[in-house]
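Numbering (the numbering used here), first residue to last: -15 to 265.
Virtual Cβ for every residue (Gly too), placed ideally from N, Cα, C.
Being a predicted model, the structure only gives us computed values, none of them experimental.
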């Protein structure tokens, strides 16, 4: 059972959770509803403070998932606070999903049980060597073990034999597209329910409907922030399973942008999406 001090922290977290999460969500909505840089910075700072409150008792209770998730998300918020120009529709979507995952993790605190830490298996399928190394580096620095392949047909054979906890797929690949591979994965007993995240160069998210029809769960747009990719991975790993990860130091001091690509200013339809739309769920 929990020690008296741990029970006190758990009780306090449970009591304060609805208020903290409500403020976190409100700050996120304030962030999405304005294009003014100063107001976005205020909202980012507010989200960061609420995250710190949620994570306050995580270390004392050895709640590794909350600690890892909050550390990664805080790193993303800090980077956006420093350079608001890096805000993209992809980043906004990632933040929305990660906040809801944090809510799920906090909900589990009240019913927490001792669990055996296991290392999740992540597969990255990307034919471009630089992009593949960038994705693997970002996940590795988040303390995650990754296997990568450049051949979608080889990936298909591997996935028929082995179960993975999360899959990242590039969409445009020779021999077989990521969308085609996703359809085949959904027919495999070993990975029919494994979360699949598409890595796409379509900044307008035009392939979103198609990726959903093919069985994909989510997508991230190139060029992406490396810490955004770490947040995306943890969001899906923790959403799908209550298993804690082995203790791993989060190295959030990552290069700002994937592959040295500069993030694009959010304009046109992207600005409209940020300004008025609710977070996609």
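Under the DSSP assignment, residue 168 falls in the alpha helix (DSSP H) whose first and last residues are 162 to 169.
Boundaries of the alpha helix (DSSP H) harbouring residue 22: 21 to 39, taken from the DSSP string.
Within its own chain, the residues whose Cβ lies closer than 8 Å to the Cβ of residue 166, once the five positions on either side in sequence are excluded, are 153, 180, 182, 195, 198, 199 and 200, listed in chain order.
In the structure shown, residue 150 adopts extended strand secondary structure according to DSSP, grouped into three states. If you draw a straight line from the Cα of residue 171 to the Cα of residue 29, it is about 44 Å long. As DSSP reads the structure, residue 69 sits in no beta bridge. Residue 122 and residue 59 have their alpha carbons spaced roughly 13 Å apart.
Contact between the region 77 to 88 and the region 214 to 223 is established, with three or more Cβ pairs separated by less than 8 Å. For residue 168, the CB contacts under 7 Å within the same chain, skipping 5 residues up- and downstream, are 140 in chain order.
DSSP places residue 143 in the uninterrupted alpha helix (DSSP H) bounded by 136 to 145.
For the pair residue 82 and residue 213, the Cα-to-Cα distance works out to about 11 Å. DSSP lists 181 as the bridge partner or partners of residue 202. The secondary-structure analysis by DSSP pairs residue 89 with nothing; it has no beta-bridge partner.
Residue pairing of residue 109 in beta bridges, as defined by DSSP: 133 and 153.
Distance from the Cα of residue 185 is smallest, within the candidate group 146, 84, 62 and 207, for 207. The beta carbons of residue 38 and residue 62 sit no closer together than 7 Å. For the pair residue 1 and residue 90, the CB atoms are nearer than the 7 Å cut-off.
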